[in-house]
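Presented below is the structure to which this report refers.
In the numbering used here, the protein residues as written are -4 to 183.
As structure tokens, this is what we get:
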């Protein structure tokens, strides 16, 4: 299983031991589900029992002790946080309140496309749409244009890299204080 293709190793184990397996990844118990029927059992029938995410060193640092909605343990805190976000930040009225902003930004992009077409320039539409999405997000969240001081895109990319990276301390917790992999340097 310790290869560049662990999915194939898990497939081979599933063929030998069945669609539901219990493994230990270091000191952390893990359940591997490898059939649609078994996945439905875990994701629909027993969804509450498996709703929480594991607490990882990176998520603990990045979300202030796993307090953010994405990393919090399922329970009353998470449900209240989700309700707050749904009612206050992601409500239909809140989203509609930014309609004029979105219309203005899309209109400006269309004008830039027209100007580029008139000048015979080649335009990377995918890149421009990504920039549009980023600009709108900045204005909705921060109330202003991009700022070099708060490069949200870079922060999100770095956070995603840290959360997705293998960290030995997540599987052998007592090695965490030794920082054998200098990842915590980026987390402080």
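Glycine included, each C-beta is placed from N, C-alpha and C at the ideal position.
**Item:** Cα-Cα separation, residue 4 to residue -2
**Value:** CA-CA distance, residue 4 to residue -2, rounds to 8 Å.
**Message:** Below 8 Å on the Cβ atoms is my contact criterion, and I expect residue 134 with residue 96 to pass it. Report the Cβ-Cβ distance as a whole number of Å.
**Reply:** Sure, about 6 Å apart at Cβ, within 8 Å.
**Item:** For residue 25, the nearest candidate out of 172, 138, 166 (CA to CA)
**Value:** Looking from the CA of residue 25, the closest CA among 172, 138, 166 belongs to 166.
**Sequence ranges, alpha helix (DSSP H) only - wholly within the region 59 to 94, length at least 4** = Runs found: 71 to 79, 87 to 91.
**Asked** With burial defined as no fewer than 16 other Cβ atoms inside 10 Å of the residue's Cβ, what is the status of residue 94: buried or exposed?
**Response** So residue 94 counts as exposed.
**Message:** Starting from residue 28, trace the beta strand (DSSP E) in both directions and tell me its first and last residue.
**Reply:** Residue 28 -> beta strand (DSSP E) spans 23 to 28.
**Pair within 8 Å by beta-carbon distance, residue 200 and residue 65** = The structure shown has nothing for residue 200, since the chain only spans -4 to 183.
**Item:** Three-state class that DSSP yields for residue 121 in the structure shown
**Value:** It is helical.
**Request:** Could you please give the first and the last residue of the uninterrupted beta strand (DSSP E) stretch that includes residue 184?
**Result:** Outside the displayed span of the chain (-4 to 183) sits residue 184, for which this structure offers no information.
**Message:** Quick check on the burial criterion: 16 or more other C-beta atoms within 10 angstroms. Buried or exposed for residue 160?
**Reply:** Residue burial annotation: residue 160 is exposed, with fewer than 16 other C-beta atoms found within 10 angstroms of its C-beta.
**Message:** Tell me the DSSP secondary structure of residue 139 in three-state form.
**Reply:** In the three-state DSSP reduction, residue 139 falls in the coil class, being neither helix nor strand.
**Message:** From the DSSP secondary-structure annotation, give me the bridge partner or partners of residue 145.
**Reply:** Beta-bridge pairing links residue 145 to 142.
**Message:** I'd like to know whether the C-beta of residue 39 is nearer than 8 Å to at least one C-beta of chain C.
**Reply:** Annotation note: the requested chain C is absent from the structure, which comprises a single protein chain.
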